[in-house]
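Numbering (this note's numbering), first residue to last: -13 to 334.
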């Protein structure tokens, strides 16, 4: 448990990646999280998901489910191109103009452990979504599924969800298991939530309690029960612990379980010149026919620092220009063109 806590609270990237350096393909020391030289091997992110699942089987604590979610939607999912034909071995969080030769995903690797490992995870994803412990059915991940084989008796529970872009989750008990309660993970990224059961609003203390990050409903599930949960998806800036030298003075944009990044494709070159100038973000659903169709993009204002002259050093402060920036999900990076990319951006 101490090893897991250290890995996920002091050495894990915001994207759920593990491994700060290629030199040993592993760890360095606490809070050492460089963004442009990190390793974050795809297999390491997948192994973290394996590990978190084992921990969740031992302790029904939502922290382990949160780790699975973070690693799955960001580091792991982003290792594969949207067309499923090319793959990253490592997953850096920043690419500058002079390090673009390996920015695109290769179609294959000399050491091809990551693509089949990724396929194995995705094809067995049903094992990571829920578990049963002490007569409680724990819903860990909000992914559409039909549960029929988790109970000793005949039972069927269906889940409908549109995460990571929409926050509504529906749970239908088509055939109730005997004397089983329902527990729904309360995600840390949701500032507000509501739960309705059979059309009636559910209230903490009366209808459910919150324990270890789960909403645990008092009454056993009955055939025909129908829950509708709405978790607020808010775009907001996320800050690293000040001990993380690489991220001091910077913030990353997140919405729900997704980490977002800036690409040169949308925002021009020299991304390091940008500074967030607002904490309000416009949510835009991409409805074009391009590769980001149906994804939620985020737009906001930023300041770009511009030199007054071409001198390498000067006594004059640079001026700033306001521009609209567009952020895309980190998992969707480098599916349109090869250019600069960054997750962490300065803030005022």
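C-beta: ideal position from N, C-alpha, C; glycine also.
Can you tell me whether residue i sits near the ligand NAD, meaning its C-beta is under 7 Å from at least one heavy atom of the ligand?
{"i": "residue 267", "result": "In terms of ligand content, the structure shown is empty, and the ligand NAD therefore cannot be addressed."}
Which class does residue i belong to by DSSP, given the choice of helix, strand or coil?
{"i": "residue 323", "result": "coil"}
{"i": "residue 29", "result": "helix"}
{"i": "residue 24", "result": "coil"}
{"i": "residue 207", "result": "coil"}
{"i": "residue 264", "result": "coil"}
{"i": "residue 57", "result": "helix"}
{"i": "residue 259", "result": "helix"}
{"i": "residue 239", "result": "strand"}
{"i": "residue 39", "result": "helix"}
{"i": "residue 137", "result": "coil"}
{"i": "residue 335", "result": "Outside the displayed range of the chain (-13 to 334) lies residue 335, so it cannot be described from this structure."}
{"i": "residue 62", "result": "helix"}
{"i": "residue 76", "result": "coil"}
{"i": "residue 113", "result": "helix"}
{"i": "residue -4", "result": "helix"}
{"i": "residue 100", "result": "helix"}
Apart from the five residues just before and just after residue i, which ones in its own chain have a Cβ nearer than 7 Å to its Cβ?
{"i": "residue 68", "result": "277, 318 and 321"}
{"i": "residue 315", "result": "244, 246 and 281"}
{"i": "residue 257", "result": "248, 250, 326 and 328"}
{"i": "residue 269", "result": "221, 282 and 284"}
{"i": "residue 14", "result": "6 and 7"}
{"i": "residue 232", "result": "19, 20 and 21"}
{"i": "residue 139", "result": "163 and 164"}
{"i": "residue 304", "result": "291, 292, 293 and 294"}
Report the option in the options whose CA atom is closest to the CA atom of residue i.
{"i": "residue 61", "options": "194, 130 and 34", "result": "34"}
{"i": "residue 47", "options": "285, 230, 233 and 118", "result": "118"}
{"i": "residue 187", "options": "252, 24 and 215", "result": "215"}
{"i": "residue 271", "options": "56, 284, -9 and 265", "result": "284"}
{"i": "residue 363", "options": "-11, 289, 28 and 218", "result": "The question about residue 363 has no answer, for the chain in this structure spans -13 to 334."}
{"i": "residue 330", "options": "154, 101, 225 and 71", "result": "225"}
{"i": "residue 93", "options": "147, -13, 290 and 66", "result": "66"}
{"i": "residue 124", "options": "196, 190 and 192", "result": "196"}
{"i": "residue 90", "options": "174, -8, 73 and 128", "result": "73"}
{"i": "residue 84", "options": "273, 306, 138 and 255", "result": "255"}
{"i": "residue 311", "options": "206, 263 and -3", "result": "263"}
{"i": "residue 10", "options": "76, 57, 242 and -13", "result": "76"}
{"i": "residue 313", "options": "253, 231 and -8", "result": "253"}
{"i": "residue 287", "options": "309, 302, 299 and 294", "result": "309"}
{"i": "residue 101", "options": "306, 63, 56 and 301", "result": "63"}
{"i": "residue 352", "options": "164, 137, 146 and -3", "result": "Residue 352 falls outside the range modelled here, since the chain spans only -13 to 334, and no answer is possible."}
{"i": "residue 0", "options": "237, 45, 298 and 295", "result": "237"}
{"i": "residue 8", "options": "184, 50, 15 and 24", "result": "24"}
{"i": "residue 178", "options": "217, 294 and 300", "result": "217"}
{"i": "residue 279", "options": "151, 49, 58 and -8", "result": "151"}
{"i": "residue 40", "options": "-10, 300, 109 and 298", "result": "-10"}
{"i": "residue 189", "options": "173, 174 and 213", "result": "213"}
{"i": "residue 137", "options": "173, 145 and 122", "result": "122"}
{"i": "residue 71", "options": "49, 104, 59 and 44", "result": "104"}
{"i": "residue 184", "options": "-12, 211, 192 and 174", "result": "211"}
Do residue j and residue i come within 8 Å of each other at the CB atom, strictly closer than that value?
{"i": "residue 26", "j": "residue 3", "result": "yes"}
{"i": "residue 182", "j": "residue 221", "result": "no"}
{"i": "residue 149", "j": "residue 32", "result": "no"}
{"i": "residue 334", "j": "residue 261", "result": "yes"}
{"i": "residue 153", "j": "residue 180", "result": "no"}
{"i": "residue 86", "j": "residue 324", "result": "yes"}
{"i": "residue 42", "j": "residue 120", "result": "no"}
{"i": "residue 128", "j": "residue 155", "result": "yes"}
{"i": "residue 219", "j": "residue 242", "result": "yes"}
{"i": "residue 306", "j": "residue 290", "result": "yes"}
Under 8 Å Cβ to Cβ from residue i, same chain only, skipping five residues before and after it: list those, please.
{"i": "residue 209", "result": "159, 160, 161 and 162"}
{"i": "residue 234", "result": "226 and 228"}
{"i": "residue 16", "result": "-8, -4, -3 and 229"}
Does any C-beta atom of chain C lie closer than 8 Å to the C-beta of residue i?
{"i": "residue 75", "result": "The displayed structure is made up of one protein chain only, and chain C is not part of it."}
Excluding the 5 residues preceding and the 5 following residue i in the sequence, name in chain order all residues of the same chain whose CB lies nearer than 6 Å to its CB.
{"i": "residue 53", "result": "-6 and 38"}
{"i": "residue 143", "result": "133 and 159"}
{"i": "residue 56", "result": "2"}
{"i": "residue 157", "result": "145 and 213"}
{"i": "residue 30", "result": "4 and 5"}
Under 8 Å, with one C-beta from each stretch per pair, do the region 166 to 175 and the region 197 to 217 reach the 3-pair mark?
Proximity of the region 166 to 175 to the region 197 to 217 meets the contact definition, three or more beta-carbon pairs being nearer than 8 Å.
With three or more beta-carbon pairs closer than 8 Å as the criterion, would you say the region 17 to 25 touches the region 79 to 94?
Verdict: yes, contact present.
Pairs of beta-carbons, one from the region 129 to 137 and one from the region 110 to 117, closer than 8 Å: are there three or more?
Because the criterion of three Cβ pairs below 8 Å is met, the region 129 to 137 and the region 110 to 117 touch.
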